[in-house]
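K.L.:
Residue numbers (our numbering): 273 to 367.
Cβ coordinates follow ideal geometry from the N, Cα and C atoms, glycine included.
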Amino acid sequence: MNPSVRHTMFPEPGDKMHDLTCLIKGCQARVYAPAGTHSICREHFLNYLTWRRRKGPQMFLKYAGMTMEERDPLVAEWANTIRVEEIPTASAPKT
Ligand SMILES: [Zn+2]
273 MNPSVRHTMF
283 PEPGDKMHDL
293 TCLIKGCQAR
303 VYAPAGTHSI
313 CREHFLNYLT
323 WRRRKGPQMF
333 LKYAGMTMEE
343 RDPLVAEWAN
353 TIRVEEIPTA
363 SAPKT
């Protein structure tokens with residue numbers, strides 16, 4: 273991992289490092305694992321795992337051999353299936 277990601281070392285207001293929060297828009301959870309060149313939280317990581325599993329064992333093998341950059345389109349495809357409404361956020365507007 274990139275040592276500069278250690279957020280406690282660099283408190284820089286206004287310069288939020290995107291890698292510190294989940295890739296999924298609206299998700300405020302701290303990152304847990306990489307997804308392509310991005311990072312996702314634990315809950316979404318498990319969701320991503322399930323999504324890939326649904327695509328079959330071949331996907332698992334294929335994914336293992338892919339570079340981070342090659343995984344990005346796959347991550348984007350999965351991210352589109354995520355419904356942010358499922359995630360409780362502090363800033364969720366009340367209807
Ligand atoms: Zn998340």
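1) Helix, strand or coil: how does DSSP classify Ala301 here?
2) For the candidate residues Ala307, Leu295, Val303, whose alpha-carbon lies nearest to that of Thr339?
3) To which residues of the same chain is Val303 closer than 7 Å at the C-beta, ignoring the five residues directly before and after it?
4) Reducing DSSP to helix, strand and coil, say where Thr293 ends up.
5) For the putative contact between Glu315 and Ala301, defined by C-beta atoms under 8 Å, what is the C-beta separation to the nearest angstrom?
6) Give me, in chain order, the residues of the same chain whose beta-carbon lies closer than 7 Å to that of Thr309; leave out the 5 immediate sequence neighbours on both sides.
7) Excluding five sequence neighbours on each side, which residues of the same chain lie with their C-beta closer than 7 Å to the C-beta of Trp350?
8) Would you kindly work out how many angstroms separate the C-alpha atoms of Arg325 and Lys297, rounded to a whole number?
P.N.:
Result, derived from the coordinates:
1) In this structure, DSSP gives Ala301 a state outside helix and strand, which the three-state scheme calls coil.
2) Nearest to Thr339 by C-alpha distance, out of Ala307, Leu295, Val303, is Ala307.
3) Excluding residues within five positions, the ones whose Cβ falls inside 7 Å are Asp291, Leu292, Thr293, Cys294, Ser311, Ile312, Cys313.
4) Here Thr293 sits in strand by DSSP.
5) Contact between Glu315 and Ala301 holds, since their C-beta atoms are separated by about 6 Å, short of 8 Å.
6) Here the set comprises Met340, Glu341, Asp344.
7) Here the set comprises Tyr320, Trp323.
8) Going by the C-alpha atoms only, they are around 23 Å apart.
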